[in-house]
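To start, the structure itself, in structure tokens.
Residue numbers (our numbering): 90 to 518.
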């Protein structure tokens, strides 16, 4: 490998960060495929990145950084293999790995993320940890980020993930795409993980960290791959449609000056008509199966919002009915919040607040910013300035996006001036 000349550590660090951001999951899947040891692959890859930060500033960034990292990680795994295997078995393994390493340095690394996703959804893995395990192994998210997506503490999530990885190794879970008859049983966890990844990326799209946008794009890529793999599964199409509807609104979430714009105030001319049309076609194909599931219903909600670009108004009766069905199907606290907002549009803020009260009593929402935004909006609309002020203040403290925080501060100031702040709802997917 012929290195590129460089001086100092910044180009090396930038190259390592780029590979970590764009290829972490692909490299983990490639490394874990033979050993069936996700934790071992992650440890080896971590050591490889550390080695890169020590070597690349002196020798230059290699022309194929992915191949270099795979080679270094494989050597780490080989060293571990030597300690675990007898001499004859080790020699056989080294021969196989050497061939693979040589190819890895010359060519692009095979993308085995789908195989790893379905390995994480193997029946040997507890149902509740399958989607979080995919997020960590394929997208490199830490336990804190994953825990926030599933409303679980980082410590509890870390323990669940560690146990799941140990089970993969001990049970010898195969890293392959399952046979067609086994696919439906594993598909739900894969779709849930893709949706969680897109949601995290959606929230971080405008942060200083480019990881957010990459997460959303990665989720879209995975969604397309799953639809291609399972073309007869309506929920796969429903999820891809849901993500495309949200992706279509990305540019409109900020105005020309970078200020946050809520869904109800977005300029529909800035929505991506091509993405919306693709989503509509996917949703129509999914509905033809006459087996409505969670993602199809959520996509239908977004379709109702997208119709505003044609009609100039939102059919809140349809949105409220869809959220009623979603809540009955999932019991999700996030759905409960959106259901309350939709009910406020159709039956008044008091009804919405009553539904929010019920969601709050179920627990787990005290640190969830959208809950407080919804409560602030509905309280302001109902004329309860003290409750609105408290809820806005709490939401501001929880919001990490500067533009969204500034928007909430403006709403709080409107309440303090004696206004009702204007009901706007919360930007959701």
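All residues carry an ideal CB built from backbone N, CA and C; glycine is no exception.
CB residue 304 to CB residue 329, shorter than 9 Å? Taking 9 Å as the Cβ cut-off, residue 304 and residue 329 do not qualify as a contacting pair.
Anyone know if the C-beta pair for residue 224 and residue 238 falls short of 9 Å? Going by beta carbons, residue 224 and residue 238 fall inside the 9 Å limit.
Quick one: Cα of residue 261 to Cα of residue 142, how far? Residue 261 and residue 142: Cα-Cα distance of roughly 33 Å.
Classify residue 248 as buried or exposed, calling it buried when 16 or more other Cβ atoms lie within 10 Å of its own Cβ. The residue in question, residue 248, is exposed, as its Cβ has fewer than 16 Cβ neighbours within 10 Å.
Residue closest to residue 277, alpha-carbon to alpha-carbon, out of 257, 319, 290: Of the candidates 257, 319, 290, the residue whose Cα lies closest to the Cα of residue 277 is 319.
Measure the beta-carbon distance from residue 274 to residue 228 and round it to whole angstroms, keeping in mind my assumption that it falls under 8 Å. Between residue 228 and residue 274 the Cβ distance is about 23 Å, and since that is not below 8 Å, they are no contact.
Evaluate contact between the region 331-350 and the region 381-396, counting only Cβ atoms and requiring at least three cross-stretch pairs below 8 Å. Yes: the two stretches touch, three or more of their Cβ pairs being nearer than 8 Å.
Alpha carbon to alpha carbon, how far is residue 131 from residue 167? Give it in angstroms, no decimals. Using only the alpha carbons, I get a separation of about 14 Å.
Kindly indicate the opening and closing residues of the alpha helix (DSSP H) around residue 334. Here the alpha helix (DSSP H) through residue 334 covers 323-337.
For residue 159, three-class secondary structure by DSSP: Correct three-state label for residue 159: helix.
Other residues of its chain near residue 506: CB distance less than 7 Å, five sequence neighbours each side excluded: Correct list: empty, nothing qualifies.
Identify which residue in 220, 137, 429, 250 has its Cα closest to the Cα of residue 232. The candidate whose alpha carbon is nearest that of residue 232 is 250.
Can you list, in chain order, the stretches of the alpha helix (DSSP H) that have 4 or more residues and sit fully within the region 463-516? Listed in chain order, the complete alpha helix (DSSP H) runs (minimum 4 residues) inside the region 463-516 are 474-487, 491-505.
Compare the beta carbon distance of residue 122 and residue 205 with 9 Å and say whether it is the shorter of the two. Yes.
Note the first and the last residue of the continuous alpha helix (DSSP H) segment covering residue 412. First-last of the alpha helix (DSSP H) with residue 412: 405-419.
Quickly, what does DSSP pair residue 43 with across the bridge? List them, please. No statement about residue 43 is possible, as the shown extent of the chain runs from 90 to 518 and does not include it.
Report yes if the CB atom of residue 442 is closer than 9 Å to the CB atom of residue 429, and no otherwise. Yes, the Cβ-Cβ distance between residue 442 and residue 429 is below 9 Å.
Grouping DSSP H, G and I as helix and E and B as strand, with all else coil, what is residue 212? Assigned with DSSP and collapsed to three states, residue 212 falls in coil, not helix or strand.
Boundaries of the alpha helix (DSSP H) in which residue 37 is found, first to last residue: Absent from the model: residue 37. The displayed extent of the chain is 90 to 518, so no value can be given.
With C-beta atoms as the reference, is residue 157 less than 9 Å away from residue 101? Result no, Cβ atoms of residue 157 and residue 101 do not sit closer than 9 Å.
With residue 390 as the anchor, note down where its alpha helix (DSSP H) starts and where it stops. 383-395 is the span of the alpha helix (DSSP H), which, as asked, contains residue 390.
Burial state of residue 345, where buried means 16 or more other Cβ atoms lie within 10 Å: Looking at its Cβ environment, which holds fewer than 16 other Cβ atoms inside 10 Å, residue 345 is exposed.
Beta-carbon contacts of residue 382 that lie in its chain and below 8 Å, excluding the five residues immediately before and after: 323, 324, 327, 418.
Segments assigned alpha helix (DSSP H), at least 4 residues, entirely inside the region 204-252: Counting whole runs of 4 or more residues, the region 204-252 contains the alpha helix (DSSP H) stretches 216-228, 232-238.
Alpha carbon of residue 398 to alpha carbon of residue 363, nearest angstrom: Going by the C-alpha atoms only, they are around 13 Å apart.
Considering only their Cβ atoms, is the gap separating residue 426 from residue 445 smaller than 9 Å? Result yes, Cβ atoms of residue 445 and residue 426 sit closer than 9 Å.
Would you kindly check if the distance between the Cβ of residue 464 and the Cβ of residue 504 is under 9 Å? In this structure, residue 464 does not lie closer than 9 Å to residue 504 by Cβ.
Short of 7 Å in beta carbon distance, which residues of its chain neighbour residue 484, apart from the five on each side in sequence? Order them along the chain. These residues qualify, in order along the chain: 458, 461, 462, 465, 497.
Among 436, 440, 245, 339, which has the Cα closest to the Cα of residue 395? Of 436, 440, 245, 339, the residue nearest in Cα terms is 339.
Any idea if residue 265 is buried or exposed, counting beta-carbon neighbours within 10 angstroms, 16 or more meaning buried? Residue 265 is classed as exposed because its beta carbon has fewer than 16 other beta carbons within 10 Å across all chains shown.
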